[in-house]
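Report on one structure; see the data block that follows.
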Amino acid sequence: MTELLIDDIRKELDDGNVTSDELFNESIEKANKFQDVYNSFVTIMDKKEEVNSNSLLSGIPYALKDNISTKGILTTGSSNILKDYIPVYDATVYRKLKEAGAVLVGKTVLDELAMGGSGTTGHTGIVRNPWNKERSIGGSSSGSAASVALGIVPFSIGSDTGDSIRKPAAYGGIVGFKPTYGRVSRYGLFAFASSLDTVGVMARSIRDISYVMDIIKGHDDNDMTSLPDENIKYSDNLDNDVSGRKLFYIKEALENNSGNEELKRIIDNFYRTVDKARELGFEVEEVSFDKVLLEAVYPAYNVISCAEATSNNSNLTGITFGNRVEGSNINDIMIKTRTEGFSELIKRRFVIGSYVLQKENQDKLFLNACRVRRLIVDKMNELFKRYDGLILPSTEKIAPRFDEASDKLGDDYLILGNHLIIGNFGGFPSISIPSGFVNDMPISVNITGRAKEDALVLNMANKLEGILGFRGQVSKSE
Amino acid sequence: MSKYIPVIGLEVHCELKSNSKNFSSSKNGDGEVNTNLCPLDIGYPGTLPVVNREAVRKSLMVALALNCEVPQKLCFDRKNYYYPDLPKGYQITQFGHPIGIHGYVMIDTESGPKKITIQDTHLEEDTANMDHMSTYSLIDYNRAGVPLLETVTDPCISSADEAILYLEAYRNILLYLDASDARADLGQIRVDVNVSLKREEDKELGTRVEMKNINSFKTVREAIVSEIDRQTKILESGGIIEQETRRYDENLGTSVFMRSKVDAVDYKYYRESNIPEIRLRDSFISDVKNSLPILEYERRHKYIDVYGIGKVDAYTLTKDKKLSDYFEKIISYGSNPVDTSNMIVGFLLGYINKNYLSLDDININEEDFSSIIKMMSDSKISNKQAKDIFTKAIEDNKNVMDIAKEIGSQISDKEEIRRIINEVFSENSKVIDDYKNGKNVNGFIMGLIMKKTSGKVNPGVTNIVLKEELEKL
Amino acid sequence: MIDRNKLDDLAKKLMFKMNDNEYETLLKEFDITLKQMDFISNINDIVNVEPIFFPFDLELDDSCLRNDNYRNEIDFNDMLVNVKKYEGSKVKVPKVVE
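Residue numbers (my numbering), protein chains in the order written: chain U, 137 to 614; chain A, 24 to 496; chain V, 33 to 130.
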């Protein structure tokens with residue numbers, strides 16, 4: 137039953153056909169059954185949290201990314217340095233879900249400290265794609281994506297700094313929503329890059345995403361960057377009329393100069409999706425975007441995210457928490473703790489981040505990246521004066537095989553492959569929606585909208601989802 | 024060869040007074056070890072800073088009192104370094120946009136007033152406290168995150184004396200504003216000192232040496248004097264000064280090497296992205312501005328120039344804002360400022376010190392105080408009587424005006440008493456005979472005087488006059 | 033110029049060690065990063081663009097500042113779950129020399 141949509145599960149619960157205990161047990165059973173092969177979880181709960189609530193989510197099982205603080209429950213960030221860390225406080229998103237009666241099933245595997253996109257760098261092993269276990273699910277919200285795609289839970293919570301919700305959602309054939317920056321409190325989310333980090337939701341329908349968003353969004357006194365409360369429910373606005381809504385796609389992002397067959401099929405699927413959008417009454421136009429800026433997206437992201445990450449993770453020294461490795465003096469402790477605690481990828485990113493912040497490099501590297509970020513965001517905001525959203529394929533490829541998945545920095549400028557980052561640069565709400573299959577693997581399209589207009593983005597996505605026909609999709613793994 | 028001139032700059036760190044810490048809600052103040060804590064204070068993952076309004080208000084007060092330009096937007100930066108007393112691995116501070124820039128503090132040097140220019144003052148957070156044992160160290164995080172204000176002067180101070188005058192003036196500004204208790208003995212105020220030497224004709228400053236974390240003003244003085252001496256000797260023997268950080272060792276009486284410029288830490292300052300830019304509305308700034316009291320320097324000069332109070336007394340009166348406020352309230356009821364000042368400095372403070380009291384123990388309200396001074400200025404009572412009234416009021420915890428009435432209605436005038444005594448003599452010739460025959464008659468005569476005046480004469484004065492009159496017989 | 037020594041110094045300041053293979057990959061990544069950033073430096077008039085540090089202006093003013101009420105959320109007992117070494121109620125580390 138955990139593979140159903142929330143409305144259906146709700147009905148079963150309310151009709152007394154199933155109890156929340158039975159649902160929890162079913163989730164746990166599935167979680168355990170799939171764990172060996174797919175490795176979605178760092179921790180599977182052995183006890184159900186009992187909270188009484190009348191909310192729609194009461195009794196509904198869900199999974200939480202393991203970089204979100206849960207009091208008394210191991211939270212590792214999928215890093216060795218935190219392999220024994222037990223938080224002493226609850227993240228706001230977790231507290232809100234708990235108060236709404238949602239039932240935590242487990243803490244999901246991520247790329248170490250959310251810094252990666254392959255699902256292969258977590259300290260408990262790789263996460264496999266439920267549609268094909270030889271393939272990656274992407275990351276960093278790898279386990280959150282897999283657990284929803286496997287039907288273990290109807291929804292999960294992830295975090296998104298560059299594309300960490302939307303990409304694994306796309307590779308997993310589910311919906312992934314990165315809300316506007318600050319829409320959901322970051323209090324309790326292990327910081328990767330504070331100016332880009334967002335807490336978001338993964339589910340099998342946009343309606344389910346909206347139900348969860350209605351619970352977790354809102355201002356939080358513990359997070360100064362959280363937005364003021366809005367007086368609307370997203371789930372009440374999903375079916376608003378979209379005719380006359382204007383979308384654009386970026387011409388330069390859809391170039392396929394190499395003639396890659398897989399990309400061609402992805403682009404074909406996209407144009408068919410655009411046609412369907414037009415049937416719904418959307419106006420969709422092609423827009424040309426400064427290619428230099430598009431090519432600058434990833435380099436700027438690399439510099440900004442590494443810089444913020446190196447500072448944000450300076451607290452991981454083993455002194456008051458974390459896997460302290462003893463040493464002869466205080467520096468020795470920190471060095472041994474961090475040397476053993478971080479994997480290679482993390483260290484490389486920290487070194488890059490540290491270099492770009494150094495006094496002599498900061499202007500040319502870090503600040504130039506922040507300057508380019510402004511140019512890109514300004515350009516997007518200018519387009520958002522005329523358009524309600526940007527629509528593009530979520531990814532430039534299907535979920536890669538493990539031998540193709542790499543977290544090493546490449547020197548190719550992937551415009552389509554990196555466009556999701558634009559959503560984080562400007563804090564724009566952005567959602568990935570399943571739109572078809574290529575080589576038996578799911579692919580998606582992504583809509584990015586104006587900052588703070590989460591309701592409209594969910595509304596447009598819901599309409600599109602309705603016509604695309606993949607609502608409620610679960611992988612066929614067994 | 025011309026002499027070397029010292030050029031000194033000071034960086035003063037001071038903990039601000041508030042209920043809670045700068046970026047978390049845990050207590051700023053006393054507490055059992057490791058109890059004033061929130062997850063942020065120990066750097067737990069996922070925690071976020073939330074800025075304390077009171078810390079901003081206090082730092083803004085200081086900035087305005089230092090005559091600084093203040094920003095329209097509040098911004099914070101990170102200073103990144105690894106140290107066990109810094110749990111987050113960075114200190115939240117203000118690097119690019121301090122709460123105050125380009126200010127000044129006036130001090131009175133022997134050669135006249137001098138403006139000490141302030142480069143900036145910025146709001147940041149304190150670190151944890153470490154105890155160093157023989158083989159290990161222990162950390163208490165209660166202090167981690169306490170609001171800290173760092174005020175940096177330009178290199179414009181030219182002697183240890185000036186440095187101390189500045190430090191005292193700065194500390195008094197903090198005390199006047201009630202922004203901090205500024206107790207050096209509790210580590211609430213800490214000073215970094217930069218010293219360089221140059222020849223009079225040199226345009227450029229010499230190479231500077233920094234001495235960090237000095238905990239008392241007395242030690243600041245020693246450190247500056249000894250550092251000037253050390254650098255002078257090096258330069259005079261043809262050596263060169265290395266740019267370095269040193270630590271002043273009180274036992275050795277000199278600074279010792281810590282690290283050179285090459286080893287200077289790159290703090291990789293960058294914007295704290297968990298704290299958005301916060302606009303300071305005009306109303307917020309003007310509210311703070313309007314709450315500023317008149318400060319020590321201005322008060323002192325008013326006392327000297329307008330009231331004609333002596334320099335030393337003016338210093339004494341303004342050193343403590345409470346005392347200065349008391350004085351000003353008293354004279355607002357019309358008593359003469361000089362007479363009032365004389366009574367406070369010449370009598371009240373001495374009394375307080377002698378009896379280990381504080382100004383808070385003095386129960387004389389300002390209006391009554393003023394009335395007594397006025398009576399004294401009008402010669403209705405003597406200076407001694409005024410002091411007696413105050414003493415009695417304090418000791419017996421009685422109302423000043425009641426005592427004044429009592430004392431004021433007594434006959435204390437010597438000549439008046441002399442007249443009464445002579446009347447008694449002429450009415451009682453037998454007593455005079457007894458006196459002449461060697462009998463002790465003092466008590467008896469006192470009784471007669473009291474009876475005659477219904478006890479209204481001042482016994483002390485009467486005794487003295489009586490002795491004089493008897494001797495004349 | 034980025035070389036092995038420079039990287040070693042950077043890593044040391046970040047309080048960790050890296051091995052030869054890791055440095056090799058990192059050197060390549062630096063090549064790419066710096067090349068890409070050169071490309072950004074060449075964007076017309078980039079130096080005159082005001083850098084942004086937030087996705088958008090959150091439009092906050094002083095009314096968003098926290099009221100100065102204190103509340104201690106945790107104490108040493110809570111820290112004990114994660115602290116490896118302590119004495120009394122203090123966290124213990126090898127002697128820190130300034």
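Cβ atoms here follow ideal geometry from the backbone N, Cα and C, with glycine treated the same way.
Open item on the list: My output table needs one value for A:Asp100: the three-state DSSP class, helix, strand or coil.
Closed with: Strand, per DSSP.
TODO: Can you pull the chain U residues whose beta carbon is under 8 Å from the beta carbon of A:Ile65, in chain order?
DONE: Per Cβ cutoff of 8 Å: Thr456, Phe457.
Open item on the list: Using beta carbons (cut-off 9 Å, strictly below), is A:Ser160 in contact with chain U?
Closed with: The beta carbon of A:Ser160 falls within 9 Å of a beta carbon belonging to chain U, placing the residue at that interface.
TODO: Measure the C-alpha to C-alpha separation of U:Glu619 and U:Ile262 and round it to an integer number of angstroms.
DONE: This structure cannot settle anything about residue 619 of chain U, because the visible part of chain U is limited to 137 through 614.
- [ ] Using three-state DSSP, classify U:Leu240 as helix, strand or coil.
- [x] Strand at U:Leu240.
Open item on the list: So if I threshold CB-CB distances at 8 Å, which residues from the segment 511-525 of chain U count as touching chain V?
Closed with: Of all residues in the segment 511-525 of chain U, Leu511, Val513 have a Cβ within less than 8 Å of some Cβ in chain V.
Open item on the list: Using 8 Å for Cβ pairs, my map puts V:Phe86 next to U:Ser331. What's the rounded Cβ distance?
Closed with: Yes, V:Phe86 and U:Ser331 are in contact; Cβ-Cβ is about 6 Å, under 8 Å.
Task: Neighbouring residues, chain A, relative to V:Tyr102 (Cβ below 9 Å) - done: Within chain A, the residues whose beta carbon sits less than 9 Å from that of V:Tyr102 are Ser41, Asn42, Ser43, Lys44, Ser48, Ser49, Lys50, Asn51, Gly52, Asn59, listed in sequence order.
- [ ] With DSSP as the reference, please indicate the residues paired to A:Gly32 in a beta bridge.
- [x] For A:Gly32, which the question treats as bridged, DSSP gives the partners A:Asn217.
TODO: Return no unless some Cβ of chain U is closer than 9 Å to the Cβ of V:Asn114.
DONE: Chain U, which has a Cβ nearer than 9 Å to the Cβ of V:Asn114, makes this yes.
Open item on the list: Counting only Cβ pairs nearer than 8 Å, list the residues of chain A close to U:Val224.
Closed with: Within chain A, the residues near U:Val224 are Pro62, Tyr67.
Open item on the list: Is V:Val81 close to chain A? Criterion is C-beta to C-beta, closer than 9 Å.
Closed with: Taking Cβ atoms only, chain A never reaches closer than 9 Å to V:Val81, which makes this a no.
TODO: Could you say which of U:Ser191, U:Asp357, U:Phe291 lies nearest to U:Ala236 if we only look at CA atoms?
DONE: Among U:Ser191, U:Asp357, U:Phe291, the Cα nearest to that of U:Ala236 is on U:Ser191.
- [ ] Please determine if the segment 55-70 of chain A and the segment 103-119 of chain A are in contact, where contact requires at least 3 C-beta pairs separated by less than 8 Å.
- [x] Counting Cβ pairs under 8 Å, three or more are found: they touch.
Open item on the list: I'd like to know whether the C-beta of U:Gly309 is nearer than 9 Å to at least one C-beta of chain A.
Closed with: In terms of beta-carbon proximity, U:Gly309 stays away from the interface with chain A, with every pair separated by 9 Å or more.
Open item on the list: For U:Tyr407 and U:Ser272, what's the separation of their Cα atoms in angstroms?
Closed with: So the alpha carbons of these two residues sit roughly 26 Å apart.
Open item on the list: Measuring straight from C-alpha to C-alpha, what distance separates A:Lys102 and A:Thr116?
Closed with: Distance from the CA atom of A:Lys102 to the CA atom of A:Thr116, rounded to whole angstroms, is 7 Å.
Task: Residue-level contact to chain V via CB, U:Ala327, 9 Å cutoff - done: Closer than 9 Å: no.
Task: Contact with chain V by U:Glu235, beta-carbon distance below 9 Å - done: No - not a single Cβ of chain V is within 9 Å of the one on U:Glu235.
- [ ] Can you check DSSP and say which residues form a bridge with U:Pro105?
- [x] The structure shown does not extend to residue 105 of chain U, since chain U spans only 137 to 614, so no value can be given for it.
Open item on the list: Quick check on U:Arg106: does DSSP put it in helix, strand or coil?
Closed with: There is no way to answer for residue 106 of chain U, as the model of chain U reaches only from 137 to 614.
TODO: Keeping to the same chain, check which residues put their C-beta closer than 8 Å to that of U:Phe502; ignore five residues upstream and five downstream.
DONE: Setting aside the 5 residues that flank it on each side, U:Phe502 is surrounded in the same chain by Val439, Ile440, Ala443, Val492, Leu493, each with a C-beta closer than 8 Å to its C-beta; the list follows chain order.
TODO: Out of U:Ile180, U:Leu159, U:Arg264, state which residue places its alpha-carbon closest to the alpha-carbon of U:Phe538.
DONE: Ranked by Cα distance from U:Phe538, the first of U:Ile180, U:Leu159, U:Arg264 is U:Arg264.
TODO: Pick helix, strand or coil for U:Lys599, following the three-state DSSP scheme.
DONE: In the displayed model, U:Lys599 falls within a helix according to three-state DSSP.
Task: Reference A:Gly126, options A:Leu83, A:Gly119, A:Thr132, closest by Cα - done: With respect to the C-alpha of A:Gly126, the residue from A:Leu83, A:Gly119, A:Thr132 having the closest C-alpha is A:Leu83.
Task: Pair within 9 Å by beta-carbon distance, U:Gly239 and U:Ile196 - done: Rather than Gly, the amino acid found at residue 239 of chain U in this sequence is Val. In this structure, U:Ile196 lies closer than 9 Å to U:Val239 by Cβ.
Open item on the list: Pull the bridge partners of A:Cys37 from the DSSP assignment, please.
Closed with: A:Cys37 is bridged by DSSP to A:Leu172, A:Ile212.
TODO: Say whether chain A places a C-beta atom closer than 9 Å to the C-beta of U:Glu444.
DONE: Yes - at least one Cβ of chain A is within 9 Å of the one on U:Glu444.
TODO: Entirely within the segment 300-361 of chain U and at least 4 residues each: give me those alpha helix (DSSP H) ranges in chain order.
DONE: Look at the segment 300-361 of chain U and you find these whole runs of alpha helix (DSSP H), each 4 residues long or longer: 302-308, 342-352.
Open item on the list: Give me the residue from U:Asn504, U:Ile342, U:Gly572 with the minimum Cα distance to V:Glu82.
Closed with: Distance check between V:Glu82 and each of U:Asn504, U:Ile342, U:Gly572 places U:Asn504 closest, using alpha-carbon atoms only.
Open item on the list: Please state whether the Cβ-Cβ distance between U:Gly255 and U:Gly298 is less than 9 Å.
Closed with: The criterion of a C-beta distance shorter than 9 Å is not satisfied by U:Gly255 and U:Gly298.
Open item on the list: DSSP three-state label for A:Arg80, please.
Closed with: Residue state, collapsed to three classes: helix.
Open item on the list: Any beta carbon of chain V sitting closer than 9 Å to that of A:Pro107?
Closed with: Closer than 9 Å: yes.
TODO: Name the two residues that bound the continuous beta strand (DSSP E) containing U:Met516.
DONE: Looking at the DSSP string, U:Met516 is not in any beta strand (DSSP E); the run it does join, the alpha helix (DSSP H), is 504-522.
- [ ] If I'm right that U:Ile217 touches V:Val123 with Cβ under 8 Å, what's the distance once you round it to whole angstroms?
- [x] Not confirmed; about 17 Å, so no contact.
Open item on the list: Do U:Ile403 and U:Pro529 have their beta-carbon atoms positioned less than 9 Å apart in this structure?
Closed with: Taking a C-beta distance under 9 Å as the contact criterion, U:Pro529 and U:Ile403 qualify as a contact pair.
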